[in-house]
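Chemist: Per the working numbering, residue 3 is the first one in the sequence shown, and the count goes up by one each step. Cβ atoms here follow ideal geometry from the backbone N, Cα and C, with glycine treated the same way.
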Amino acid sequence: ICVTIGKYVPQALLNRSRKSTVGWNHWNVILDFTGGVLSLLQLVGDCADMGDWNGITGNPAKIALSLVTICFDLIFLIQH
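1. I believe G38 touches S68 by the beta-carbon criterion, under 8 Å. Please report the beta-carbon distance rounded to the nearest angstrom.
2. Looking only at its chain, what residues have a beta carbon closer than 8 Å to the beta carbon of F35, apart from the 5 residues adjacent to it on each side?
3. Put V46 into one of helix, strand or coil per three-state DSSP.
4. What separation, rounded to the nearest whole angstrom, lies between the Cα atoms of V46 and I58?
5. Any chance you could list the alpha helix (DSSP H) runs of at least 4 consecutive residues sitting entirely within the stretch 51 to 82, in chain order?
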């Protein structure tokens, strides 16, 4: 999670200071966002299939990684 935050924060700050997203492809962000959403859906689907919702709280790293990814991808898409 720290590595993910460490790679997203500098890019968000650079985009903000330059007031531009020139130089990167927005499709990569869209694919990353899709991966974060699908990861959350997989976690919810697995828990629903097993009838045990403790899997959501039992894997906080997966939830946190998905949410951090989704939040930063939304920031990048808004900046673009």
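Modeler: Straight from the coordinates:
1. Within the sequence shown, residue 38 is the residue found at index 36, counting from 1. Within the sequence shown, residue 68 is the residue found at index 66, counting from 1. About 5 Å; that satisfies the 8 Å criterion.
2. Stepping through the sequence shown from its first residue, residue 35 is reached at position 33. Within the same chain, F35 has close Cβ partners T71, I72, D75, L76 and L79.
3. Along the sequence shown, one-based indexing puts residue 46 at 44. In the structure shown, V46 adopts helical secondary structure according to DSSP, grouped into three states.
4. The residue you call residue 46 lines up with position 44 of the sequence shown. The residue you call residue 58 lines up with position 56 of the sequence shown. Counting only the Cα atoms, I58 lies some 7 Å from V46.
5. List check, alpha helix (DSSP H) in window: 56 to 59 and 62 to 81.
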